[in-house]
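Numbering (my numbering), first residue to last: 17 to 290. Backbone N, C-alpha and C fix where the C-beta goes; we use that ideal spot for every residue, glycine too.
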Amino acid sequence: MTLNKYVALAAKSFALPEVCIRIRAVLDDPRSSAEDLGALISVDPSLTAKVLRLANSALFRFPSQVESISKAISVIGGEALYNLVVAETANSAFKSFNTPHIDLDKHWYQAVYCGMVAKCLARHLGIRGSERFFVMGILQNLSELVVAKHSSDLYKVYQDDKVCELPYVRQIRHFGFTFSECSGTILENWKLPLVLYYPVMNANDPTKQDADTDIGILALASRITAMQHNKECYGEIELFSKEIANSVSADMDAISNAITFADIETTKVAMLIH
Numbered sequence: 017m018t019l020n021k022y023v024a025l026a027a028k029s030f031a032l033p034e035v036c037i038r039i040r041a042v043l044d045d046p047r048s049s050a051e052d053l054g055a056l057i058s059v060d061p062s063l064t065a066k067v068l069r070l071a072n073s074a075l076f077r078f079p080s081q082v083e084s085i086s087k088a089i090s091v092i093g094g095e096a097l098y099n100l101v102v103a104e105t106a107n108s109a110f111k112s113f114n115t116p117h118i119d120l121d122k123h124w125y126q127a128v129y130c131g132m133v134a135k136c137l138a139r140h141l142g143i144r145g146s147e148r149f150f151v152m153g154i155l156q157n158l159s160e161l162v163v164a165k166h167s168s169d170l171y172k173v174y175q176d177d178k179v180c181e182l183p184y185v186r187q188i189r190h191f192g193f194t195f196s197e198c199s200g201t202i203l204e205n206w207k208l209p210l211v212l213y214y215p216v217m218n219a220n221d222p223t224k225q226d227a228d229t230d231i232g233i234l235a236l237a238s239r240i241t242a243m244q245h246n247k248e249c250y251g252e253i254e255l256f257s258k259e260i261a262n263s264v265s266a267d268m269d270a271i272s273n274a275i276t277f278a279d280i281e282t283t284k285v286a287m288l289i290h
């Protein structure tokens, strides 16, 4: 099955919630105000509660409590708030593609872990809007669930392949594309912003890793996640390929700090969204 076929199946199985579409429209409308944005989210008490819990989590580490959507908008900004809504939506997307071939809780944990590592690295590098890296990390392997659900036999062969190649190399060999490439195309199809879907789509492209820091960070976070969760196969993985090293100015202390941060905070944040 082709990449585009999986993207079409994903579109049939899960549609981006209306609130995400409406928030994006407000943010893209120069005539809109912070009050318009707050009003959209506040009509949904459950979403409001989840967004506020995330705003007060280790994702932001604000010195004072963020107790209202209006304060969240003023403190973290509309784009960050949108990213939190997309992150909260991601859990619903994962559940809609549930398959017996994948332990969904484990898959979700590793997705959040990747997001936490990516955000920590972006913060270390002083990149503005670092919370978007959390969202990209979560969504990078979304398509693995889609593939496993709709091509169970092929996915089982992939799953049983114990060759310790980099994950994306095995994916190309079995499917002809990477899960990250397919996930990024799904995000594009959902009309998420370019800054979210483009790095995901190109996370495993060495040429793009070399030229784009966002892509390099996401690629590095993916390698760290693989190393930490499958040490038997990836314990000696090369974290800094030549291309990643060219775009990401981080040392092993930064890597260690990102791992420590993710080890401590992932379970808490995963449960906040779950």
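With respect to the alpha helix (DSSP H) encompassing residue i, which residues constitute its N-terminal and C-terminal limits?
i, result
"residue 191", "183-191"
"residue 166", "158-166"
"residue 134", "120-140"
"residue 56", "50-58"
"residue 41", "34-44"
"residue 280", "268-289"
"residue 91", "85-92"
"residue 72", "Segment: none, residue 72 is in no alpha helix (DSSP H) and carries neither H nor E."
"residue 226", "222-227"
"residue 28", "19-29"
"residue 219", "From DSSP, residue 219 is part of no alpha helix (DSSP H); its letter is neither H nor E."
"residue 151", "147-155"
"residue 247", "247-250"
"residue 262", "258-263"
"residue 195", "195-205"
Candidates the options: which alpha carbon is nearest residue i's?
i, options, result
"residue 88", "60, 111, 53, 102", "53"
"residue 19", "283, 195, 286", "195"
"residue 160", "127, 267, 281", "127"
"residue 260", "33, 269, 271, 225", "225"
"residue 110", "26, 137, 72", "26"
"residue 165", "92, 256, 120, 82", "120"
"residue 83", "58, 32, 95, 107", "58"
"residue 32", "252, 103, 229", "103"
"residue 176", "43, 117, 251", "117"
"residue 112", "78, 203, 158", "158"
"residue 286", "151, 22, 47, 38", "151"
"residue 85", "74, 107, 79, 62", "62"
"residue 265", "216, 181, 65, 228", "228"
"residue 246", "66, 65, 123", "123"
"residue 297", "223, 93, 181, 156", "Lying before the first or after the last residue shown, residue 297 is absent from the chain, which here runs from 17 to 290."
"residue 276", "249, 133, 65", "133"
Please find out if some non-hydrogen atom of the ligand GDP comes closer than 7 Å to the beta-carbon of residue i.
i, result
"residue 211", "The ligand GDP is absent from the structure shown, which contains no ligand whatsoever."
Decide if residue i is buried, meaning its Cβ has at least 16 other Cβ atoms within 10 Å, or exposed.
i, result
"residue 241", "buried"
"residue 183", "buried"
"residue 56", "buried"
"residue 49", "exposed"
"residue 41", "exposed"
"residue 280", "exposed"
"residue 197", "buried"
"residue 131", "buried"
"residue 142", "exposed"
"residue 239", "buried"
"residue 201", "buried"
"residue 207", "exposed"
"residue 251", "exposed"
"residue 179", "exposed"
"residue 23", "buried"
"residue 192", "exposed"
"residue 284", "exposed"
"residue 217", "buried"
"residue 114", "exposed"
**Request:** Indicate whether the contact test is met: 3 or more Cβ pairs, each with one atom in the stretch 95-107 and one in the stretch 142-150, closer than 8 Å.
**Result:** yes
**Message:** With three or more C-beta pairs closer than 8 Å as the rule, is the stretch 132-142 touching the stretch 269-278?
**Reply:** yes
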